[in-house]
Amino acid sequence: MKLLRYGAPGQERPGILDDNGQIRDLSQHIADLSGDALLPAALDQLRALDIASLPLVQGQPRLGPCVGSIGKFICIGLNYADHAAETGAAIPPEPVVFSKWTSAVVGPNDEVQIPRDSVKTDWEVELGVIIGQGGRYISEQDAMRHVAGYCVINDVSEREFQIERGGTWDKGKGCDTFGPTGPWLVTADEIADPHSLNLWLEVDGKRYQDGNTSTMIFRIPHIISYLSRFMSLQPGDVISTGTPPGVGMGQKPQPIYLKAGQTMRLGIEGLGEQRQTTVQA
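Take 15 as the starting number for the sequence shown in my numbering and just add one per residue.
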């Protein structure tokens, strides 16, 4: 299933794509695409619906973040060896964990704001993993049973805030609009191998990132198991699993960063595309 949320910010309704790529409304069956609606039994109930009989959504409404009321937005840094190399960083011995504040979450095609005083706003296409069944101390063998589905994430980052201003990475990662999420939550049963997906990103039509999830250092079962040692994972939590090479910070002979008025387009095989215009905050 390709599940989604549509409508004005803060007023999104749950929906599903039918076989013709049209949006069908799910609000008679679930209040939102969040929390317990992402548990395995709840997703099985949605699979049993006659999609063609659901109300058809007319026009082309705004798409919101594909998960509502996200509790935790957890990110993994330096998880592609070639990306670590382009930034001059060593391969980490354990996953690098940081957070995006949930106020960063926006729809897949919403504007991205360049923060005030920013000089190094950057892009990062990433595979998002959405937790269905929660848990603690999850084994790697059982980890994939806890995945509701996958989505596209743009881990927008302000590198000066992240690296040069002291403290943790978080303040360069969680600015408002720095977490475009969606367009869809594609349920796990539709993705045969999440470790073999092409992912890419363009700025103003120029392709900068062109990678594959096969080059992850830490794979999804390890990431889920690792995180669950330090926190309970809960339905609707989002894990962003790292980016391939081609970020602005790694461009040669000198870095390239975003400015207002540019367009990012990015996507992951089987998970859809995003498109954002940058504006000044």
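No residue lacks a Cβ here, since even glycine has one placed at the ideal position from N, Cα and C.
Along the length of the segment 32-95, whole alpha helix (DSSP H) runs at least 4 residues long occupy 54-61, reported in chain order. The shortest CA-to-CA distance from Glu138 to any of Gly256, Ile270, Ile88, Cys80 is the one to Gly256. With contacts defined by Cβ atoms closer than 8 Å, Glu172 and Ser239 do not form a contacting pair. DSSP places Ala274 outside both helix and strand once states are collapsed to three, so it counts as coil. For the pair Arg38 and Leu70, the CB atoms are nearer than the 8 Å cut-off. Look at Glu26 here: in three-state DSSP terms it is coil, with no helix or strand label.
Ranked by Cα distance from Gly78, the first of Ile144, Ile237, Arg27, Ala95 is Arg27.
Per DSSP, reduced to three states, the secondary structure at Lys16 is strand. Here DSSP, grouped into helix, strand and coil, assigns Tyr151 to coil. Along the segment 156-236, the alpha helix (DSSP H) does not occur as any fully enclosed run of 4 or more residues. In the DSSP secondary-structure assignment, Val119 is bridged to Gly193. Checking the DSSP bridge columns, you'll see Ser113 partnered with Ile88.
Pairing His43 with Leu57 gives a Cβ-Cβ distance that is not under 8 Å. Collapsing the DSSP output to three states places Ile282 in a strand. The alpha-carbon of Ser41 is positioned some 33 Å away from that of Ile237. Around the Cβ of Val170, a 10 Å sphere holds 16 or more other Cβ atoms; the residue is buried. Val293 is classed as exposed because its beta carbon has fewer than 16 other beta carbons within 10 Å across all chains shown.
The shortest C-alpha to C-alpha distance from Val81 to any of Ser117, Gly73, Val110, Gly196 is the one to Gly196. DSSP, reduced to helix, strand and coil, places Glu108 outside both helices and strands of the structure shown, so it counts as coil. Of the candidates Ile84, Glu140, Ser117, Pro107, Glu140 places its Cα closest to the Cα of Leu215. Following the DSSP letters along the chain, one finds Leu141 inside the beta strand (DSSP E) bounded by residues 139-145. Distance from the Cα of Ile231 is smallest, within the candidate group Ala62, Phe112, Glu108, for Glu108.
With a threshold of 16 other beta carbon atoms within 10 Å, Val252 meets it and is buried.
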